[in-house]
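Below is one structure, written out as structure tokens, with a few remarks after it.
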Amino acid sequence: VRRGKSDLSVHTSLAALYLKIIAALGAAGGKTGNEEAARLKNYLDGNLNRIVKNSELAASIYRSPDYTVKLFAAEYGTTPYEYQLREKMSTAKRLLKNTAMPVSEIAAALGYNDSQYFSGLFKRRCGMPPSAYRKRNKGGGSD
200 VRRGKSDLSV HTSLAALYLK IIAALGAAGG KTGNEEAARL KNYLDGNLNR
250 IVKNSELAAS IYRSPDYTVK LFAAEYGTTP YEYQLREKMS TAKRLLKNTA
300 MPVSEIAAAL GYNDSQYFSG LFKRRCGMPP SAYRKRNKGG GSD
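For the sequence shown, the residue numbers in my numbering are 200 to 342.
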């Protein structure tokens, strides 16, 4: 009779331990995704001087490129590539407004070897060429 209770007690304890482990793994899984997404964003922010390919970004967290893009998009609502472009254009706007750096130097600082390509990209993304943006926003106007 004692043995039956003892077995039941052991099984109950093991079941409770199993549930605690599963709960802990589930909680860690959620944090891991968020932590990985934050690492991806930090990696992109630290490499604004060039375009980071999805394969390189994936390698930084030891995941597949598809998983990496989906994780980033789920967390930030945009793809890593679009995020990079948005951040580059935001940085370019700040530099155009607050410095006298030539457009070619701004382009180079953001990883664009061809300043004409950069100017065309800036115009498509921001609605006007960099030189016009600078003239319009001289003196710290708003974006």
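Note that beta-carbon positions come from the ideal geometry of N, C-alpha and C, so glycine has one too.
Can you tell me where the alpha helix (DSSP H) holding residue i begins and where it ends?
i, result
"glycine 319", "314–325"
"lysine 334", "329–335"
Judging by CA-CA distance, which residue of the options is the nearest neighbour of residue i?
i, options, result
"leucine 309", "Asp244, Ala236, Arg238, Met327", "Asp244"
"asparagine 248", "Asn297, Lys334, Glu304", "Glu304"
"alanine 237", "Glu281, Phe317, Thr267", "Thr267"
"asparagine 253", "Ala306, Pro279, Lys287", "Pro279"
"tyrosine 275", "Lys337, Glu234, Asn336, Lys334", "Glu234"
"tyrosine 261", "Leu239, Ala273, Asn246", "Leu239"
"arginine 348", "Arg293, Ala258, Thr277, Lys269", "The question about residue 348 has no answer, for the chain in this structure spans 200 to 342."
What is the DSSP secondary structure of residue i, counted as helix, strand or coil?
i, result
"proline 264", "helix"
"threonine 290", "helix"
"alanine 299", "coil"
"leucine 270", "helix"
"isoleucine 305", "helix"
"lysine 252", "coil"
At the level of alpha carbons, what is the spacing between residue i and residue j?
i, j, result
"lysine 230", "arginine 285", "A caution first: lysine 230 carries a pLDDT of 47, below 50, which makes its placement in the model unreliable, though a value can still be read off. Whole-angstrom Cα-Cα distance: 26 Å."
"phenylalanine 157", "asparagine 241", "No answer is possible for residue 157: it lies beyond the span of the chain, which begins at 200 and ends at 342."
"serine 263", "aspartate 206", "45 Å"
"phenylalanine 271", "valine 209", "43 Å"
"leucine 256", "alanine 307", "21 Å"
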